[in-house]
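S.K.: The opening position of the sequence shown corresponds to residue 1 in this note's numbering, with each subsequent residue numbered one higher. The beta-carbon is built from N, C-alpha and C at its ideal position, and this holds for glycine as well. Sharing a structure, written as structure tokens. Questions coming.
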Amino acid sequence: MKIVSFKICPFVQRVTALLEAKNIDYKLEFISLRDKPQWFLDISPNGQVPVLITDKGKALFESDAIVEYIEEAFPALQPELSLEDKATNRAWSYLASKNYLVQCSAQRSPNENVLMERSQKLGHAFDKIEKQLGDTPFFAGETISLVDLAWLTILHRADIIQRRSGYDFIGNRPKLKKWQKQLLATGLAEKSVAPDFEEAFSGFYLSDQTFLGRGCTVENCSFSEACATDACC
Ligand SMILES: N[C@@H](CCC(=O)N[C@@H](CS)C(=O)NCC(=O)O)C(=O)O
Numbered sequence: 001m002k003i004v005s006f007k008i009c010p011f012v013q014r015v016t017a018l019l020e021a022k023n024i025d026y027k028l029e030f031i032s033l034r035d036k037p038q039w040f041l042d043i044s045p046n047g048q049v050p051v052l053i054t055d056k057g058k059a060l061f062e063s064d065a066i067v068e069y070i071e072e073a074f075p076a077l078q079p080e081l082s083l084e085d086k087a088t089n090r091a092w093s094y095l096a097s098k099n100y101l102v103q104c105s106a107q108r109s110p111n112e113n114v115l116m117e118r119s120q121k122l123g124h125a126f127d128k129i130e131k132q133l134g135d136t137p138f139f140a141g142e143t144i145s146l147v148d149l150a151w152l153t154i155l156h157r158a159d160i161i162q163r164r165s166g167y168d169f170i171g172n173r174p175k176l177k178k179w180q181k182q183l184l185a186t187g188l189a190e191k192s193v194a195p196d197f198e199e200a201f202s203g204f205y206l207s208d209q210t211f212l213g214r215g216c217t218v219e220n221c222s223f224s225e226a227c228a229t230d231a232c233c
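Here it is as structure tokens:
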């Protein structure tokens, strides 16, 4: 199968992380979103990545639908889930994916006020998941689930931002921090992106056009309210 991709797209990473978690072979084709090729527009009704092209040549779009297809077409990550548990998992995954663009826009904030405003929005989602997390390594127990993979992309990006700029999107949410560490330790974050992902991501989100790229370093970060770690503030 093939995934039509854009290097720093979180919706794509959610799909490739699932393929990696299931050890499924796939090819990647990167496209430019500024200059979308006609063959892509012909198979992608919404003009967006990811698109998965099955071995039979069928093009699937929308990451939610693609994830469901992969989960059903190959041995399930969590077999024998009840319908209620499946619906619950979908809902918690949806909370992640509907915040991908919130995180993207927060990372691109041009100034401190905008960053605070957008971080707060992301923080509402973080508060909800923090309350839901238990003491298990993964969201629903000892093994990785679709919910873990939906949140992996957000937590991966938050980790890169913190390491490179000093700004901590997660703040004082200990369960979320622990979960982030656990998910990153699986190696799926790196496996699900291109080798130069971190450079490409930082080039876009930590450039001199963004507030995070211009100023917030561990040494000089001036945030007072949203930064909850001693290392940053
Ligand atoms: N709802 C879509 C969102 C995908 C999406 O927003 N992809 C972005 C890249 S991260 C894209 O292709 N943007 C190009 C465009 O909207 O023209 C999904 O879940 O697959």
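1) Need the endpoints of the beta strand (DSSP E) that E29 sits in, please.
2) Counting Cβ pairs closer than 8 Å, one from the segment 41-55 and one from the segment 201-215, do we hit at least three?
3) Going by the DSSP bridge assignment, what does G47 pair with across the sheet?
4) Cβ of Y205 within 8 Å of any heavy atom in ligand 2?
5) Out of K2, I24, K178, S119, which has the shortest C-alpha to C-alpha gap to K56?
6) Whole angstroms are fine: how far does the CA of I170 sit from the CA of V15?
7) Determine whether the beta carbon atoms of Q103 and I154 lie at a separation below 9 Å.
8) Nearest by alpha-carbon distance to S97: which of W151, G215, Q132, R173 is it?
9) DSSP has V12 in a bridge; who is on the other side?
10) Can you tell me whether L133 is helix, strand or coil according to DSSP?
11) In the DSSP assignment, find the unbroken beta strand (DSSP E) run with A59 in it and report its ends.
12) By DSSP, does S97 sit in helix, in strand, or in coil?
13) Would you say the beta carbon of I3 comes nearer than 8 Å to a heavy atom of ligand 1?
14) Just how far apart, CA to CA, sit L133 and L41?
15) Name the DSSP beta bridge partners of G141, please?
16) Counting Cβ pairs closer than 8 Å, one from the segment 4-18 and one from the segment 187-205, do we hit at least three?
17) Using C-beta distances below 8 Å, list every residue in its chain close to D127, excluding the 5 sequence neighbours before and after it, in chain order.
M.R.: The short version:
1) 27-30
2) no
3) Answer by DSSP bridge pairing: none, since G47 is not bridged.
4) Ligand 2 is absent from the structure shown, which contains only ligand 1.
5) When each option's Cα is compared against that of K56, the closest is K2.
6) 23 Å
7) yes
8) W151
9) Bridge partners of V12: none, in fact.
10) coil
11) 59-61
12) helix
13) no
14) Cα-Cα distance, rounded: 40 Å.
15) F138
16) These segments touch.
17) R173
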